[in-house]
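Asks:
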Amino acid sequence: KVPLEEGKQKHKFYHFIIPSVCDASLSILQYMALNFITGSTFRILQGGNLITTLLFSKLLLKIQVYRRHWLGCSLSIVGLIIVGVSGFINSGNSTSDVSLQILGIVLMVISLIINGYGFAYEQMLMQKYTIHQYELVGW
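The numbers in the working numbering rise by one with no breaks, and the one at position 108 of the sequence shown is 108.
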């Protein structure tokens, strides 16, 4: 058992249902997207969680975001756009293949939004409740 920290409350198991659902739906969406895009594009697009986590941390946790953070996220967005578009330029496939690639990228973007929200919400819970990291993963 972890002793209660000052200013924090004891947690209940149901407090962590939202992050669990976010993680499960994130995994499902990402594996569906992997069917439609290449593995390399998939891995690069997974790096977009940096952007969504920053945005949701700003909204939910009210953290202070400096210009260097916005610059880093802007550069990440440029990189993600370049990688996303390169899949279409180099493919030379039929229209149906391109529409499936677009579907895969859309699924990845939705999963990144869910991922960012889940991380920020989990951090918000960690600030409010006393819980050990291993116990959090075990729920």
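All residues carry an ideal CB built from backbone N, CA and C; glycine is no exception.
1) CA-CA distance, G116 and L75?
2) If you draw a straight line from the C-alpha of L103 to the C-alpha of S111, how long is it?
3) With the cut-off set at 9 Å, would you say L26 and I114 are in Cβ contact?
4) Could you pull out every residue in the same chain whose Cβ sits closer than 8 Å to the Cβ of L145, ignoring the five residues on either side in sequence?
5) Beta-carbon separation of L80 and I44 under 9 Å?
6) Report the residue ranges of all alpha helix (DSSP H) runs contained in full by the segment 9–92; include only those spanning at least 4 residues, in chain order.
7) Just tell me which of I77, F16, V98 and I82 has its CA closest to the CA of N49.
8) Note down the Cα distance separating K128 from L61, rounded to an integer number of angstroms.
9) Do S57 and F119 have their beta-carbon atoms positioned less than 9 Å apart in this structure?
Replies: Well, looking at it:
1) Each residue's Cα considered, the two are about 18 Å apart.
2) If I take the Cα positions, the gap works out to 12 Å.
3) The answer is yes: Cβ separation under 9 Å.
4) Any property of residue 145 remains undetermined from this structure, which presents the chain solely from 1 to 139.
5) For the pair L80 and I44, the CB atoms are nearer than the 9 Å cut-off.
6) Counting whole runs of 4 or more residues, the segment 9–92 contains the alpha helix (DSSP H) stretches 17–34, 39–46, 49–56 and 67–91.
7) Closest option to N49, Cα to Cα, is I77.
8) Taken atom to atom, the span from the alpha-carbon of K128 to that of L61 is near 11 Å.
9) Contact flag set, yes.
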